[in-house]
Each structure stands twice: as C-alpha cells, then as structure tokens.
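For what it's worth, the numbering used here labels the leading residue of the sequence shown as 45, then goes sequentially.
Glycine included, every Cβ here is placed at the ideal spot set by N, Cα and C.
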Amino acid sequence: MAIRIIRKGEDQALRQKAKPVTQFGPAIHKLLDDMAETMYHADGIGLAANQIGILKRLVVIDVAPNEDSFAKRAWIELVNPEIIAREGEQHEREACLSLPGLSGIVERAAYVKVRAQDRNGEFFEIEGRDLLARCLQHEIDHLDGILFIDRLDSMDDLREASEDEIAEEAALS
Ligand code: NI
C-alpha cells in the first residue's frame, strides 16, 4: 500500500468525468488499497479516484473507521457505482479532502441504493441512510467531476473553518 497525494482546489482531475473500469486485476486492487490507505491517513471517511488524479470510477468509504487497528478496518470498495434508488432529503454540513478548510450545507437524498462492482468485478448492491447516504452521493459526484460546493443550499453557508471545527461538524470525504 502507498499513500497517494490528494489533489486539491482547482486541480483538473477534480473536474473531469472518470471512466468505467473494464479490466479487473492486480492494478485495480493496488489502486483500491492505496485509496483506502490514503483516506485513513487523511482522516477521511471516503475517497474517489479523481481525488488522487486517477480518472477511473473507483470509490472507497468507511464512515466508522476503527481508530485502533488498521488490520481491523473494513472499508467499502465501489467500482463503477451507480445510484439506482433514492428517497427523502437531508440537509447537512459537508467538507471535502480536496477543498481543505471549507464546509457547507448540502441537500442530499436521505436514503440511496447503489449498484456497483467489487474489486473482482462481481456486482452487488448497497443501501445507505444518513451519513452513509451522504458519503455515497458525495463520492459518486466526484466521479462525475462534481464537488459539494456545486450543490450548496446557499453560498452564504460556505464557511472557512479550522480543521478542528470541520472534524467536529462535517466529515471529510
Ligand atoms: Ni470530497
């Protein structure tokens, strides 16, 4: 595993649409491993491949990371994820590892069902509510070059905050 550099701000990779993964094998496994290590290292709860400059439809998520042991950590890997159902709405504060210091209130579906492939290409479905639903939508947006600041309820909500404040009120992804 290796920690990759997280692209930030105006980096072009954050604004491009990632391409579907068609070849499953060691290269994708290594990328997913690196993405997980990079996410944990940055204290994030989610990471999309665009954020490390790779334009492939890959996401890792862990909304409840085990703080004690990397070996006990269990993250979700999503290859070519697609939202196939959504219900309700929520308005919560979001932040992003690629936009350090910023947070804002974003409207998201309260529940989503996502269809994706695992690292070996097998299809599966995952459902999420609340924080997991928010994270799924935030990360899948990344794959389409969309950032949370594009979906703010109001620009007035966009806030520059210290890292401590963000850790308290809005998880980074
Ligand atoms: Ni993000």
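Residue i Cβ short of 6 Å to ligand 1 heavy atom set
i, result
"residue 140", "yes"
"residue 147", "no"
"residue 198", "no"
"residue 113", "no"
CB of residue i within 7 Å of CB of residue j, strictly
i, j, result
"residue 301", "residue 63", "There is simply no residue 301 to check, as the chain begins at 45 and stops at 217 in what is shown."
"residue 203", "residue 150", "no"
"residue 186", "residue 94", "yes"
"residue 217", "residue 120", "no"
"residue 51", "residue 97", "yes"
"residue 65", "residue 179", "no"
Distance between residue j and residue i (C-alpha atoms, nearest Å)
i, j, result
"residue 113", "residue 87", "14 Å"
"residue 81", "residue 153", "28 Å"
"residue 102", "residue 111", "24 Å"
"residue 155", "residue 55", "30 Å"
"residue 47", "residue 141", "14 Å"
"residue 165", "residue 77", "16 Å"
"residue 105", "residue 68", "19 Å"
"residue 144", "residue 160", "28 Å"
"residue 58", "residue 184", "12 Å"
"residue 128", "residue 176", "15 Å"
"residue 200", "residue 181", "22 Å"
"residue 117", "residue 132", "30 Å"
"residue 163", "residue 173", "23 Å"
"residue 170", "residue 157", "6 Å"
"residue 85", "residue 198", "31 Å"
"residue 72", "residue 60", "19 Å"
"residue 215", "residue 91", "12 Å"
"residue 192", "residue 70", "32 Å"
"residue 189", "residue 139", "16 Å"
"residue 148", "residue 53", "15 Å"
"residue 168", "residue 83", "23 Å"
"residue 130", "residue 74", "31 Å"
Which runs of the beta strand (DSSP E), 3 residues or longer, sit entirely within the stretch 71–117? 90–92 and 102–105
May I have a chain-ordered list of the beta strand (DSSP E) segments no shorter than 3 residues that lie completely inside the stretch 114–191? 120–131, 134–139, 146–152, 155–161 and 167–173
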